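Down below is the structure, laid out as structure tokens.
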Amino acid sequence: MKISKNFYKQTWVQIALGLGTAILIYLALSHLNVLAGAISTVAAVTRPVLLGLVIAYVLHPLVNVFERKVFSRMKHFRPKTRHVFSVTATILVVLLLIVLLMIALIPQLIGSVVRFLQNAGDYIASLQKLIALAVDALRQNGRDVSNLSDMIKEGLDGLTNLLPSQPSQLLHFVTNIGVGVFDWVIGIIMAIYFLMDMERWMGGLRQLMGLLLSRQRYRELRDFAKRSDRILIRYIGGTILDGLIVAFANFIFMMIMQMPYAVLLSLVVGVTNLAPTFGPILGGAIGSLILLLINPWHALWFLIFTIILQTIDGYVIKPRLFGNTLGVAGIWILICIIVGGKAFGVIGILLAIPFAAISDFVYRESILVRLRHFRERRDAESGRGEGQEHARAIPPEDSTTKVLDSTGEPLEADSTAP
Numbered sequence: 024m025k026i027s028k029n030f031y032k033q034t035w036v037q038i039a040l041g042l043g044t045a046i047l048i049y050l051a052l053s054h055l056n057v058l059a060g061a062i063s064t065v066a067a068v069t070r071p072v073l074l075g076l077v078i079a080y081v082l083h084p085l086v087n088v089f090e091r092k093v094f095s096r097m098k099h100f101r102p103k104t105r106h107v108f109s110v111t112a113t114i115l116v117v118l119l120l121i122v123l124l125m126i127a128l129i130p131q132l133i134g135s136v137v138r139f140l141q142n143a144g145d146y147i148a149s150l151q152k153l154i155a156l157a158v159d160a161l162r163q164n165g166r167d168v169s170n171l172s173d174m175i176k177e178g179l180d181g182l183t184n185l186l187p188s189q190p191s192q193l194l195h196f197v198t199n200i201g202v203g204v205f206d207w208v209i210g211i212i213m214a215i216y217f218l219m220d221m222e223r224w225m226g227g228l229r230q231l232m233g234l235l236l237s238r239q240r241y242r243e244l245r246d247f248a249k250r251s252d253r254i255l256i257r258y259i260g261g262t263i264l265d266g267l268i269v270a271f272a273n274f275i276f277m278m279i280m281q282m283p284y285a286v287l288l289s290l291v292v293g294v295t296n297l298a299p300t301f302g303p304i305l306g307g308a309i310g311s312l313i314l315l316l317i318n319p320w321h322a323l324w325f326l327i328f329t330i331i332l333q334t335i336d337g338y339v340i341k342p343r344l345f346g347n348t349l350g351v352a353g354i355w356i357l358i359c360i361i362v363g364g365k366a367f368g369v370i371g372i373l374l375a376i377p378f379a380a381i382s383d384f385v386y387r388e389s390i391l392v393r394l395r396h397f398r399e400r401r402d403a404e405s406g407r408g409e410g411q412e413h414a415r416a417i418p419p420e421d422s423t424t425k426v427l428d429s430t431g432e433p434l435e436a437d438s439t440a441p
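Using the working numbering, read the sequence shown as starting at 24 and increasing by one per residue.
In structure tokens, the structure reads:
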């Protein structure tokens, strides 16, 4: 049975489709934990493949730079060979940067982590003393802190238990690190294969979309994909560069002020800076808390510098990096961060802003345009209907000239009159 095109234009069909969509959205949001669990299970199984796709997507612009700017002069090589050279050069450059960073950072980072774990018991004891002083001050002011004291003690005990002191906990910790490293190695290998055959796969996908979609729909989908690609690439590159700038500035400041754990805390600040909105706050809080246990003055100067640095980053650095590509209202970013973090964890938080930007331009340039055209067409049809009703209400005029007699009655024309 073939459904006519006018079937979906009927009012009751549109209402039913709207209600069904609303119910599906409500069910998805009300069972977000179940949906997130299913997605997490699938993601855990396919993590190496997903890592490979992400790595290939991030490195593909660099492959294009090598292919168009460097190896394009090798006219005596076939395009396929030049593409292989470009992929190889990209992988070598990335691996060289990773090795240099590891040589520069890993020894200091390991030393900082080991020293911090060795002194973790002393730091917790210092924190307990600070909390005891604060509780005593509140009691002297007549505040009821009986429940607060118990809650803080339970929290500190739980924090102590989190430290991997038992052999089984250390084994579990090392096993998780090994699994993560294995996934990344397999992901890099998959990324190389994806980069090698990227053009062939994209060409096949374009042909498939051209066969399945009309010419107009294909152009709309192509434009959407190109603009989404520009937003994602610019956001990912700008975010990574912004995190490196913040981490380097924080490291220089801590070295000048001779603060401890400069490499460790700068790495924490740089990584947390990748997460929008809440990341810089979390990084500053972690660094200030650790320094507070060692030297309160260091914690104060670190907090002041973090506020100044984040102000400069928000009003100077990020606008220069992102430009007008991500013009999204803050409320939508906040909503996407909450929903993305609830559903997909850290990855959802990191991709909240580009998802909000893509959703925003889809809403403004697709949904609003379609609604505007629908309203104009409806108004035009309504105007034509009113015009036709008005025309039927007015009787047609007689174009012949009528001659009236002295009583006002029309005289009939005498065809036989001379």
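All residues carry an ideal CB built from backbone N, CA and C; glycine is no exception. It should be emphasised that the depicted structure is a prediction, and the values quoted were computed from it without experimental measurement.
Quiz item: Is Pro102 buried or exposed, if buried means 16 or more other CB atoms sit within 10 Å of its CB?
Solution: Under a 10 Å Cβ-count criterion, Pro102 is classified as exposed, with fewer than 16 other Cβ atoms of the shown protein chains found around its own Cβ.
Practice problem: Along the alpha helix (DSSP H) that carries Lys249, what are the first and last residues, could you check? | Solution: 238 to 279
Quiz prompt | Candidates Leu374, Ile211, Pro299: closest to Ala79 by CA position | solution = Ile211
Exercise. Give a yes or no on whether the C-beta atoms belonging to Leu85 and Thr262 are separated by under 9 Å.
Key: Their beta carbons are not under 9 Å apart, which means Leu85 does not touch Thr262 by this criterion.
Self-check item: Endpoints, the alpha helix (DSSP H) within which Glu388 is located
Solution: Where Glu388 is concerned, there is no enclosing alpha helix (DSSP H), given that its DSSP letter is neither H nor E.
Exercise. Classify Leu297 as helix, strand or coil using the three-state DSSP reduction.
Key: coil
Self-check item: Host alpha helix (DSSP H) of Arg138 (start-end)
Solution: 102 to 141
Quiz item: Do Val110 and Ile215 have their CB atoms nearer than 9 Å?
Solution: yes
Exercise. Kindly list the residues whose CB is nearer than 6 Å to the CB of Phe276, restricted to its own chain and excluding five residues on each side of it in sequence; keep chain order.
Key: Phe328
Exercise. Give me the Cβ distance between Ala285 and Phe274, rounded to the nearest whole Å; I'm assuming they're in contact under 8 Å.
Key: 6 Å
Quiz item: Where do the N-terminal and C-terminal ends of the alpha helix (DSSP H) with Ile222 fall, by residue?
Solution: The sequence shown places Glu at residue 222, not Ile. Where Glu222 is concerned, the enclosing alpha helix (DSSP H) stretches over 221 to 235.
Quiz item: In this structure, does DSSP put Ser438 in helix, strand or coil?
Solution: Interpretation of Ser438 is limited by its pLDDT of 46, a score under 50 that renders its predicted location unreliable; no figure is taken from the coordinates.
Practice problem: Express the C-alpha separation of Leu82 and Val116 in angstroms, rounding to a whole number. | Solution: Roughly 11 Å separates the two Cα atoms.
Quiz prompt | Element boundaries [alpha helix (DSSP H), containing His321] | solution = 319 to 335
Exercise. Since I believe Asp246 is in contact with Pro71 (beta carbons under 8 Å), could you give me their beta-carbon distance rounded to a whole number of angstroms?
Key: Pro71 to Asp246, Cβ: 32 Å. No contact.
Quiz item: Just the Cα atoms here: how many angstroms apart are Val362 and Ile330?
Solution: 27 Å
Quiz item: Whole-angstrom Cβ separation of Leu332 and Ala322, contact assumed at under 8 Å?
Solution: Going by Cβ atoms, the distance from Leu332 to Ala322 rounds to 15 Å, so no, they are not a contact pair.
Quiz item: Does the stretch 304 to 313 come close enough to the stretch 374 to 385 to have 3 or more Cβ pairs within less than 8 Å?
Solution: no
Quiz item: Which whole-angstrom value is the C-beta distance of Arg91 and Met97, which I expect to be below 8 Å?
Solution: Actually they do not touch by this definition, with Cβ atoms about 12 Å apart.
Quiz item: Would DSSP call Met341 helix, strand or coil?
Solution: According to the sequence displayed, residue 341 carries Lys and not Met. Lys341 carries a helical assignment under DSSP once its states are collapsed to helix, strand and coil.
Exercise. Report yes if the CB atom of Leu76 is closer than 9 Å to the CB atom of Ala66, and no otherwise.
Key: no
Self-check item: Pro84 - DSSP class collapsed to helix/strand/coil
Solution: helix
Quiz item: In this structure, does DSSP put Leu50 in helix, strand or coil?
Solution: helix
Self-check item: With 16 other Cβ atoms within 10 Å as the buried cut-off, status of Gly266
Solution: buried
Quiz item: Which of helix, strand or coil does DSSP assign to Tyr216?
Solution: Correct three-state label for Tyr216: helix.
Quiz item: So, helix, strand or coil for Thr198, using DSSP?
Solution: helix
Quiz prompt | Identity of the residue in Thr44, Val68, Phe94, Leu124 nearest Thr113 by Cα | solution = Phe94
Quiz item: How long is the line joining the alpha carbons of Ser438 and Asp402, rounded to whole angstroms?
Solution: Any reading at Ser438 is ruled out, since the residue's pLDDT is 46, under 50, leaving its predicted position unreliable.
Quiz prompt | Alpha-carbon to alpha-carbon, Gly203 and Asp336 | solution = 31 Å
Quiz item: With 16 other CB atoms within 10 Å as the buried threshold, where does Pro377 fall?
Solution: buried
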